[in-house]
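Trainee: Letter by letter, the sequence shown follows residues 5 to 216 of our numbering.
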Amino acid sequence: MVQSSQKKGKNKKEFLLVIIGIFFIIIGSSVLIYDYNEKENIQKIEEKSIEEFFEDDTSDVKEIITEEPKSEVHEEIKINYVAILEIPKINLKKGLVDKNSYLNNVNRNIYTLKETIYPNDDISHIVLAGHSGNSSVSFFKNLYRLRNNDQIYFYYNNIKYIYQINNYYEIEKTGKMNLNLSEKSDITIITCKSGTNKQYVYKAILVNQENY
Numbered sequence: 005m006v007q008s009s010q011k012k013g014k015n016k017k018e019f020l021l022v023i024i025g026i027f028f029i030i031i032g033s034s035v036l037i038y039d040y041n042e043k044e045n046i047q048k049i050e051e052k053s054i055e056e057f058f059e060d061d062t063s064d065v066k067e068i069i070t071e072e073p074k075s076e077v078h079e080e081i082k083i084n085y086v087a088i089l090e091i092p093k094i095n096l097k098k099g100l101v102d103k104n105s106y107l108n109n110v111n112r113n114i115y116t117l118k119e120t121i122y123p124n125d126d127i128s129h130i131v132l133a134g135h136s137g138n139s140s141v142s143f144f145k146n147l148y149r150l151r152n153n154d155q156i157y158f159y160y161n162n163i164k165y166i167y168q169i170n171n172y173y174e175i176e177k178t179g180k181m182n183l184n185l186s187e188k189s190d191i192t193i194i195t196c197k198s199g200t201n202k203q204y205v206y207k208a209i210l211v212n213q214e215n216y
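The structure is reproduced here in structure tokens:
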């Protein structure tokens with residue numbers, strides 16, 4: 005009789021453990037599915053925003069969002085890009101927001117440094133930074149594959165600016181950097197070297213431009 009009660013108690017515990025295990029599996033699967041769907045939605049929004057950037061004839065006039073919205077908005081989400089960065093060799097095509105936007109942050113996007121001078125002027129200096137690694141915002145994870153003479157495209161105000169890499173090197177990650185700006189229009193791209201305390205720096209000079 006005692007053995008029977010003990011056996012029943014053991015069976016109840018095993019059954020309870022199975023139920024708890026199934027519960028955690030369901031919760032884990034739901035989180036993964038939500039995360040996947042969220043990434044898919046963000047990617048679709050970004051792709052649509054890039055398409056609208058190229059379709060918009062007045063792309064030089066953009067809404068500048070300087071603060072993160074505090075109240076929930078039920079309207080369709082739209083990212084107002086001021087420029088598009090494209091690096092064909094690593095299949096990267098990413099929109100860039102205004103320097104004053106809350107989205108101009110390495111944890112959300114490719115970061116446009118405040119020192120950037122857009123191609124409105126005779127001599128322009130574009131300075132961009134982004135994450136490497138394996139996260140969803142590691143837009144520069146394949147930057148290490150670039151070499152001299154590879155091209156970088158920068159779309160801005162209905163003009164496609166074509167840059168050619170002429171130098172790349174590594175520096176210590178100190179939080180500060182000497183940009184070494186030249187007397188020619190150029191673009192500088194910076195990212196961390198995974199697993200080290202160093203950063204990759206790629207510099208490219210403007211070689212051509214055309215309307216798009």
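Ideal Cβ placement from N, Cα and C applies to all residues, glycine included. These figures come from a predicted structure and were not determined experimentally.
Using the C-alpha atoms, what's the distance from I88 back to Y160?
Mentor: 7 Å
Trainee: Can you pull the DSSP bridge partners for I88?
Mentor: Answer is G99 and Y159.
Trainee: List the residues that DSSP assigns as beta-bridge partners of E214.
Mentor: Its beta-bridge partners are K164.
Trainee: In whole angstroms, give me the CA-to-CA distance for K197 and Q213.
Mentor: 31 Å
Trainee: Does the count of Cβ pairs from the region 103 to 116 and the region 171 to 181 closer than 8 Å reach three?
Mentor: They do not touch, by the three-pair rule.
Trainee: Short of 7 Å in beta carbon distance, which residues of its chain neighbour L185, apart from the five on each side in sequence? Order them along the chain.
Mentor: H129
Trainee: Return the bridge partner residues of Y206 from the DSSP annotation.
Mentor: Y172 and I193
Trainee: Over the uninterrupted beta strand (DSSP E) stretch that includes G199, give me the two end residues.
Mentor: G199 -> no beta strand (DSSP E), and no H or E assigned at all.
Trainee: Kindly identify the DSSP beta-bridge partner or partners of L107.
Mentor: Looking at the DSSP output, L107 bridges to nothing.
Trainee: Going by DSSP, name the residue or residues bridged to I130.
Mentor: I191
Trainee: Check the C-beta distance from S140 over to L147 and give it rounded, since I have them as a contact under 8 Å.
Mentor: Incorrect: roughly 16 Å between the Cβ atoms, too far for contact.
Trainee: Between the alpha carbons of Y115 and N153, how many angstroms are there, rounded?
Mentor: 24 Å
Trainee: Please report how far the alpha carbon of K98 lies from the alpha carbon of L132, in whole angstroms.
Mentor: 12 Å
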